[in-house]
Every structure is written in structure tokens, then in C-alpha cells.
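Beneath this line is the structure, given in C-alpha cells, with notes to follow.
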């Protein structure tokens, strides 16, 4: 990210609790509420675009405290509430 990370929120579904690795795509479970996170990057794996997210649930969770989520389809609402700071010189 050329100007640093951005903050975002997304809907957490019950299947998210079982995330271990890979690109998360919601498949089942009820809406457990919202969660604030930090988007720190993006990439493509095997043709699938994703966001790289820093989570706050500790380093033992997910991919060393991070997770990846499908990019470009507003998965779990992650692309609709993004906030970035801008410093004025």
C-alpha cells in the first residue's frame, strides 16, 4: 500500500472462527456481528485476488495473527467501510 494500511470493518460469520489459513470466503453460519481490522496488503494466489488483514486475536490465530479474504466482491462487507488517514503537510 503506497500510503500505509487502512482500517475497515466486516461482518463476522460463525464459520470465521474456524479459519486457519488460505483465502477466507464465507460459506456457512450465522452473523455474529461486526469486527474492525486493518488491511495491510493484497495479492493473488492461484488466480484468486485477496486482501491481507492484520487481526487482533493474537499470533496463534490464523496465519500468525493475520488472515486473507477474497478481494473484489465485498466479501462479508469488507470493502464498503474502509477508512484511511491523511496527514496535511
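Numbering (the working numbering), first residue to last: 14 to 102.
Glycine is no exception: its CB is placed at the ideal position from the N, C-alpha and C atoms.
query, result
"Run of the beta strand (DSSP E) containing residue 76, from where it starts to where it stops", "Residue 76 -> no beta strand (DSSP E), and no H or E assigned at all."
"Validate contact between the region 79–96 and the region 19–38 using beta carbons, cut 8 Å, 3 pairs", "yes"
"Cutoff 7 Å; reference residue 80; Cβ partners in own chain excluding five residues on either side", "32, 37, 66, 68"
"Rounded separation between residue 76 and residue 95 - CA only", "22 Å"
"Sub-8 Å separation of residue 84 and residue 62 beta-carbons", "yes"
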